[in-house]
Every structure is written in structure tokens, then in C-alpha cells.
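Heads up: the structure comes next, in C-alpha cells.
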Amino acid sequence: MENLFNWSQPARRRCSSRGKPVQSVHEKPAGIKPATKVVQIPVHSVSSVPDRSQKPDELAQAEAPDRTSASALRIQKVFRGYMVRKNVKRIMSIRREVDEIERKLLFGETAELIRRDEMERVRVNETLMSLLFKLDSIRGIDSGVRECRKGVIKKAISLQENVDSIVSGS
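Residue numbering for the sequence shown follows our numbering, starting at 232 and increasing by one per position.
This is the structure in C-alpha cells:
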């Protein structure tokens with residue numbers, strides 16, 4: 232049987248649909264050297280003042296990065312404010328739930344039930360733990376958000392200790 236692929240023969244030049252030669256990725260171009268042109272880029276510090284001898288068009292181009300960075304800073308400020316408000320809303324909703332559990336424990340509705348029923352104690356502890364996990368998932372972008380979150384965490388932990396003391400006190 233005749234060998235369909237003769238590897239010893241040189242590869243045929245392939246052409247694109249436009250008739251231009253196509254080079255394989257693995258083939259090296261013959262006689263072409265990569266360009267080694269060195270380009271110097273002028274570096275200016277942020278505090279450097281543009282030269283007043285420039286034309287108005289050149290001044291506008293020099294001030295464009297300043298406007299761009301100012302716009303970027305404004306966008307970042309707005310986004311951070313949005314994230315802070317969003318996180319504080321989440322913390323406050325969790326705080327309302329913790330306050331509701333505290334109210335039930337203080338007015339004795341749940342305290343007697345916790346003393347008598349093991350399942351009720353487990354339910355309250357699981358609810359508090361799930362609220363603590365939700366608080367842990369909130370990122371503290373701002374120091375105010377972190378402090379608010381810490382306060383709610385301390386309150387939830389103290390409620391867990393109160394539930395344990397109710398059980399051990401009976």
C-alpha cells in the first residue's frame with residue numbers, strides 16, 4: 232500500500248482565499264528578524280505642571296488624564312457609598328431579628344418554653360447562629376460598618392449565653 236503521507240517531502244505553501252501565502256504557527260519566517268526599536272516614553276510626575284508654552288490643544292490633552300482620574304475617584308466614592316448603605320441595611324435587618332429574639336426572652340414568652348422544651352432551645356440557638364453567619368458574610372468596607380456589625384454580633388452572642396444560662400439555671 233502506498234504511503235499517503237510522505238513526511239520527507241517539504242511542506243507545500245498554503246494560500247488564503249485571497250491568494251496570499253499563509254504561514255503555519257510552527258514555521259519560522261525565513262530571513263525576517265524581529266524589530267528591535269527602542270522607544271523612550273517621557274515620564275512626568277503627578278504634581279508636574281503642564282508647560283504654558285504649549286498650544287491650547289496640547290493643554291487639553293495634558294489635562295484629560297486629570298479629568299479621567301477625577302471621574303474615576305467620583306465613581307469609586309459613589310460605589311463605596313452604595314456598598315456602605317447596602318451593608319448597613321443588611322445589618323439593621325439582622326439587628327431587628329436579634330432584638331425580636333431578645334424581646335421574647337425578656338418577656339418570658341420563650342424563656343419558660345426553653346426551660347421545658349429542648350427543641351425550642353435548639354431552635355433559638357440555631358436561629359441566632361444563622362444570624363451570626365449572615366453577619367459574618369457582610370464585608371466591613373467602612374469602619375462604621377465594622378463597628379455596627381461588631382455590636383450586633385456581641386448582642387447575638389450574649390443572647391446565646393442567656394439561653395444557655397436559662398437552661399442551666401432551671
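In this text, a Cβ means the ideal position worked out from N, Cα and C, and glycines have one as well. These figures come from a predicted structure and were not determined experimentally.
Under 7 Å between the Cβ atoms of R380 and I369? Position 149 of the sequence shown, counting from 1, holds the residue named residue 380. Position 138 of the sequence shown, counting from 1, holds the residue named residue 369. Yes, Cβ-Cβ distance for R380 and I369 is below 7 Å.
Could you compute how far the alpha carbon of S389 sits from the alpha carbon of K320? Residue 389 sits at position 158 when you count from the first residue of the sequence shown. Residue 320 sits at position 89 when you count from the first residue of the sequence shown. Taking C-alpha positions only, S389 is separated from K320 by approximately 22 Å.
At a cut of 8 Å, does the segment 314-330 reach the segment 361-378 through at least three beta carbon pairs? The answer is yes - the segment 361-378 touches the segment 314-330, with three or more Cβ pairs under 8 Å.
Alpha helix (DSSP H) containing T267: first to last residue? The residue labelled residue 267 in the question sits at position 36 within the sequence shown. Careful: T267 lies outside any alpha helix (DSSP H) and carries neither H nor E.
How should I345 be labelled, buried or exposed, when 16 other C-beta atoms within 10 angstroms of its C-beta is the threshold for buried? Stepping through the sequence shown from its first residue, residue 345 is reached at position 114. Buried is the call here.
By the 10 Å Cβ neighbour count, where 16 or more other Cβ atoms means buried, how is A303 classified, buried or exposed? Within the sequence shown, the letter at position 72 stands for residue 303. Exposed, because fewer than 16 other Cβ atoms sit within 10 Å of the Cβ of A303.
Beta-carbon proximity of A387 to L362, cut-off 7 Å: Mapped onto the sequence shown, residue 387 falls at position 156. Mapped onto the sequence shown, residue 362 falls at position 131. Judged by their CB atoms, A387 and L362 are nearer to each other than the 7 Å cut-off.
Assumed close pair N356, Q391 - CB separation to whole angstroms, cut-off 8 Å: Position 125 of the sequence shown holds residue 356. Position 160 of the sequence shown holds residue 391. Sure, about 6 Å apart at Cβ, within 8 Å.
Where does I272 land, buried or exposed, given buried means 16+ other C-beta within 10 angstroms? Position 41 of the sequence shown, counting from 1, holds the residue named residue 272. When all chains shown are included, I272 counts as exposed.
Would a C-beta distance cut-off of 7 Å place L366 and I325 closer than the cut-off? As a position in the sequence shown, residue 366 is number 135, starting the count at 1. As a position in the sequence shown, residue 325 is number 94, starting the count at 1. Yes; because the gap between Cβ atoms is below 7 Å, this pair is in contact.
Please state whether the Cβ-Cβ distance between V398 and R347 is less than 7 Å. Locating residue 398 in the sequence shown gives position 167, where the first residue counts as 1. Locating residue 347 in the sequence shown gives position 116, where the first residue counts as 1. Going by C-beta atoms, V398 is not nearer than 7 Å to R347.
So, for G371: in the same chain, excluding its five sequence neighbours on each side, which residues have a beta-carbon less than 7 Å away from its beta-carbon? By one-based count along the sequence shown, residue 371 stands at place 140. The residues are R377 and R380.
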